[in-house]
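*Asks:*
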Amino acid sequence: MNINEYIQSGILELYVAGQLSEKENKEVYDLMLKHPEVLQEVLQIEAAFIKLSNSIAPEQPVAYSTIKAHLSNRNDKVVQLPKEKNRNWFTYTGWAAAVIVGAGLLWTLNQKQQLETEVTTINTEKEFLEIQIEDSKSKLAETKNLLNVIRDRNIIKVPLEGQAAYPDAYATVYWDENNDQIYLDLQGLPEPPEGKVYQVWSLLLNPLTPTSLGTIDDFMQDDNKIFKLDNANKSQAFGITLEPAGGSQSPTLEQLYTLGALASN
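So this is what it looks like as structure tokens:
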């Protein structure tokens, strides 16, 4: 039978009551060591037995003189009862052993669970720390690369001044013409309203011909407000407008936030 059937068979109640043979007691004892559910059931049965015994009121005492008088008037034959066999060691120590072993196993299980929790916490903290370290390394590498770009003598710096839509706005374009890339410093732009994005434009001035370089979709998430875009155009100026999410085919001049031309032009 399986453990659940064994528990429900009633043998554990007989074990607690001390009614099993030495072999049967040994079997129950071994199962308690192997199966915590058997041990738990024995402890519960013991607790129930103790509670039941405490709930039974002791019988009222009878005076010794009354008992003596009653016995003197009787002529009953004395029947010799057979001596009760000596109980084995497991019978006498069943409860005590169960309590001791139970307490020990429960303490061990509790300690094991605490250690597993601590190990899991330490591993989680270690993984989180490793992620932070890698993230810091990545950001440091990006910062070094950005500094190298800005300090390169071949980089064209184009300041963008605020326009009528937002006079206090400002931005800076760092154009790496050799690699067809620009780096945008947009720290001077306000947060765009919900449903709006900044769109960057490369401009030819005569005639005025705007070419979209893309939208800044992650403006809110970037703390440094430094963005990189591709630019293979022969740009003469750069502008930034505020457009609906997804961008526009042509710039909305009423929402022109910043504008700046190359120094040579």
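Using full-length UniProt numbering, the first residue of the sequence shown is number 1, and each one after it goes up by one. From the three backbone atoms N, C-alpha and C, an ideal C-beta is built for every residue, glycine too.
Along the chain, where does the alpha helix (DSSP H) containing L33 start, and where does it finish?
*Replies:* Its alpha helix (DSSP H) spans residues 22 to 34.
*Asks:* Could you give the uninterrupted runs of the beta strand (DSSP E) lying entirely in the UniProt domain "Anti-sigma K factor RskA C-terminal" (96 to 252), keeping only those of 3 residues or more?
*Replies:* Complete beta strand (DSSP E) runs here, min 3: 156 to 162, 170 to 176, 181 to 185, 196 to 205, 208 to 216, 226 to 230, 237 to 244.
*Asks:* Would you say I240 and L160 are within 8 Å of each other, going by their C-beta atoms?
*Replies:* Result yes, Cβ atoms of I240 and L160 sit closer than 8 Å.
*Asks:* Can you give the Cα-Cα distance for residue 271 and Q114, rounded to whole angstroms?
*Replies:* Residue 271 lies beyond the range of the chain shown here (1 to 265); nothing can be said about it.
*Asks:* Please report the straight-line C-alpha distance between G10 and T124, rounded to a whole angstrom.
*Replies:* Spanning the two alpha carbons is a distance of roughly 46 Å.
*Asks:* Can you tell which of R153, A48, L140, I226 has its C-alpha closest to the C-alpha of T172?
*Replies:* The shortest C-alpha separation from T172 is found at I226.
*Asks:* Tell me the rounded alpha-carbon separation between L106 and Q40.
*Replies:* Each residue's alpha carbon lies about 9 Å from the other.
*Asks:* Would you kindly report the start and end of the unbroken beta strand (DSSP E) that includes L259?
*Replies:* Residues 256 to 261.
*Asks:* Quick test of your reading: A165 and Q255, contact by CB under 8 Å. State the CB separation rounded to the nearest angstrom.
*Replies:* About 5 Å separates the two Cβ atoms, so the contact holds.
*Asks:* What do you reckon, are the CB atoms on L242 and Y174 nearer than 8 Å?
*Replies:* No, the pair does not count as a contact, with Cβ atoms beyond the cut-off.
*Asks:* Between W201, M220, Y170, Q181, which lies nearest to P193 when the distance is taken from Cα to Cα?
*Replies:* The residue with the shortest Cα to Cα distance from P193 is M220.
*Asks:* So what does DSSP say about N2, is it helix, strand or coil?
*Replies:* N2 falls in the coil class under three-state DSSP.
*Asks:* Here's the rule I'm using: 16 or more other beta-carbon atoms within 10 Å means buried, otherwise exposed. How should I50 be labelled?
*Replies:* When all chains shown are included, I50 counts as exposed.
*Asks:* If you measure between the beta carbons of residue 282 and A232, is that distance less than 8 Å?
*Replies:* An answer regarding residue 282 cannot be provided, because it is not within the stretch 1 to 265 covered by the chain.
*Asks:* Measuring only the C-alpha atoms, how far is E116 from K228?
*Replies:* Taking the straight line from one Cα to the other gives about 46 Å.
*Asks:* What would DSSP say about Q19, mapped onto helix, strand or coil?
*Replies:* The answer is coil: DSSP assigns Q19 none of H, G, I, E or B.
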